[in-house]
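*Asks:* Attaching a single structure in structure tokens format; questions to follow.
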């Protein structure tokens, strides 16, 4: 039977006509799709608290006036930043309707300059005047824990993301937020830890708090690690291979020196303390797969294979 295209609403889509349909995260787990090198890119981020429901395009389909939302998103993206809608978990509908201020954060996740500033406006129109260079607002060194629960984008994010929120919110109530699409629905539950923009996937309720705790101690739980969002995917993968080979889980253990490649063959040089680590790796393509819950056409996705990890003298 040929599967028919599903409605764009995602969570509300009926799968009665597609008996072979199964959640994309379930299929990904069975295939054991590799996590490493799969974080979407993002060096600088604009986080905006928007209570209430989000459509498939979170900020554009929210309680923001549509014209203003388009202006704001265009402004953010033209500045080379990624917009992200956030909201507090566990709020009742009446609490969400009472939103009277619009809290925002600007995060710079570039390695070596990681920072976050917070601010708020009373009128969303004032968001168009917020300097995007991080020169206003209040600087903060506190972590920001963002869990994707973007139901209209993919139901796996809603179902699996919401499972890990209760323990996180209990342990870190001031740091924990629901957020819009982070990328990689098949790896739900997905979580981003700012300001380093460390991206995790397949996070479980019993592991979530430990991942944040390790981050606060300066280390990464590599079992769930997808990559560091400011870095190119090939560098994310190379760093992951280096961490495994050298048994080093420190957040700032590696710094990119250079990388180059052609025809899917890459060489990445990383600094580590006083040494240089060279990772030789190749791009491969997976077997055709359905990467989201609404996908109906199987496609191949990029994966990475390490050829060598060596220390240069």
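Residue numbers (our numbering): 12 to 324. Where is the CB? At the ideal position from N, CA and C, for every residue including glycine.
#1: Cα separation between residue 24 and residue 97?
#2: Count the C-beta pairs between the segment 242-255 and the segment 284-291 that are closer than 8 Å, then say yes if the count reaches three, no if not.
#3: Determine which residues share a DSSP beta bridge with residue 271 and list them.
#4: According to DSSP, simplified to helix, strand and coil, what is residue 54?
#5: With H, G and I counted as helix, E and B as strand and the rest as coil, what does DSSP make of residue 44?
#6: Classify residue 247 as buried or exposed, calling it buried when 16 or more other Cβ atoms lie within 10 Å of its own Cβ.
#7: What's the gap between the Cα of residue 204 and the Cα of residue 54?
#8: So what's residue 316 in DSSP terms, helix, strand or just coil?
#9: With DSSP run on the structure shown, which of helix, strand or coil describes residue 228?
#10: Evaluate contact between the segment 211-230 and the segment 52-69, counting only Cβ atoms and requiring at least three cross-stretch pairs below 8 Å.
#11: Assign residue 171 to one of three DSSP states: helix, strand, or coil.
#12: Note down, in chain order, each residue of its chain lying with its Cβ closer than 7 Å to the Cβ of residue 321, except the 5 sequence neighbours on either side.
#13: Nearest CA to the CA of residue 194: which residue from 134, 281, 239?
#14: Looking at the secondary structure, which residues open and close the beta strand (DSSP E) in which residue 94 lies?
#15: To test your reading of the DSSP string, which unbroken alpha helix (DSSP H) runs of 4 or more residues are found completely within the segment 157-204?
#16: Could you name the residues of the same chain whose beta carbon sits closer than 7 Å to that of residue 171, not counting the 5 residues immediately before and after it, in chain order?
#17: Compare the C-alpha of residue 138 against each of 101, 76, 197 and name the closest.
#18: In chain order, what residues of the same chain have a beta carbon less than 6 Å from the beta carbon of residue 51, not counting five sequence neighbours either side?
#19: If you draw a straight line from the alpha carbon of residue 38 to that of residue 298, how long is it in whole angstroms?
#20: Alpha carbon to alpha carbon, how far is residue 281 from residue 304? Give it in angstroms, no decimals.
#21: Could you tell me how far apart the beta carbons of residue 126 and residue 148 are, in whole angstroms, since I believe they sit closer than 8 Å?
#22: Give the C-beta separation of residue 318 and residue 292 to the nearest angstrom, bearing in mind that I take them to be a contact with Cβ-Cβ under 8 Å.
#23: Helix, strand or coil for residue 14? Go by DSSP, reduced to three states.
*Replies:* Put simply:
#1: Position 13 of the chain shown, counting from 1, holds the residue named residue 24. Position 86 of the chain shown, counting from 1, holds the residue named residue 97. Note that residue 24 has pLDDT 37, beneath the 50 cutoff, so the model's placement of it is unreliable and the number below is only indicative. Each residue's Cα considered, the two are about 24 Å apart.
#2: Yes: the two stretches touch, three or more of their Cβ pairs being nearer than 8 Å.
#3: Position 260 of the chain shown, counted from the first residue, corresponds to residue 271. DSSP output for residue 271 lists 278 as bridge partner(s).
#4: Here residue 54 refers to the residue found at position 43 of the chain shown. Residue state, collapsed to three classes: coil.
#5: Against the chain shown, residue 44 aligns to sequence position 33. For residue 44, the three-state secondary structure derived from DSSP is coil.
#6: Translated into positions along the chain shown, residue 247 becomes position 236. Under a 10 Å Cβ-count criterion, residue 247 is classified as buried, with 16 or more other Cβ atoms of the shown protein chains found around its own Cβ.
#7: Here residue 204 refers to the residue found at position 193 of the chain shown. Here residue 54 refers to the residue found at position 43 of the chain shown. Taking the straight line from one Cα to the other gives about 13 Å.
#8: Against the chain shown, residue 316 aligns to sequence position 305. Strand, per DSSP.
#9: Within the chain shown, numbered from 1, the residue matching residue 228 stands at position 217. For residue 228, the secondary structure class from DSSP, reduced to helix, strand or coil, is coil.
#10: Segments in contact, no.
#11: For the purposes of this step, residue 171 is taken as the residue at position 160 of the chain shown. Helix.
#12: On the chain shown, residue 321 is found 310 positions in, with the first residue counted as 1. These residues qualify, in order along the chain: 289.
#13: The residue you call residue 194 lines up with position 183 of the chain shown. Comparing C-alpha distances from residue 194 to each of 134, 281, 239 shows the shortest one belongs to 239.
#14: Taking the chain shown and counting its residues from 1, the one referred to as residue 94 is at position 83. Segment 92-98, the beta strand (DSSP E) holding residue 94.
#15: Listed in chain order, the complete alpha helix (DSSP H) runs (minimum 4 residues) inside the segment 157-204 are 166-182.
#16: Working through the chain shown from its first residue, we reach residue 171 at position 160. Cβ within range, chain order: 36, 199, 200.
#17: The count along the chain shown starts at 1 and reaches residue 138 at position 127. Of the candidates 101, 76, 197, 76 places its Cα closest to the Cα of residue 138.
#18: Residue mapping note: residue 51 aligns to position 40 of the chain shown, counting from 1. The residues are 194.
#19: Taking the chain shown and counting its residues from 1, the one referred to as residue 38 is at position 27. Taking the chain shown and counting its residues from 1, the one referred to as residue 298 is at position 287. If you take the alpha carbons of residue 38 and residue 298, they lie about 13 Å apart.
#20: Here residue 304 corresponds to residue number 293 of the chain shown, with the count starting at 1. Here residue 281 corresponds to residue number 270 of the chain shown, with the count starting at 1. The alpha-carbon of residue 304 is positioned some 36 Å away from that of residue 281.
#21: Here residue 126 refers to the residue found at position 115 when the chain shown is read from its first residue. Here residue 148 refers to the residue found at position 137 when the chain shown is read from its first residue. Not quite, the Cβ-Cβ distance comes to about 11 Å (not below 8 Å), so this is no contact.
#22: Residue 318 sits at position 307 when you count from the first residue of the chain shown. Residue 292 sits at position 281 when you count from the first residue of the chain shown. Right, their Cβ atoms sit about 6 Å apart.
#23: Your numbering for residue 14 matches position 3 in the chain shown. In this prediction, residue 14 scores a pLDDT of 33, lower than 50, which makes its location untrustworthy; the coordinate-derived value is nonetheless stated afterwards. If DSSP states are grouped into helix, strand and coil, residue 14 belongs with coil.
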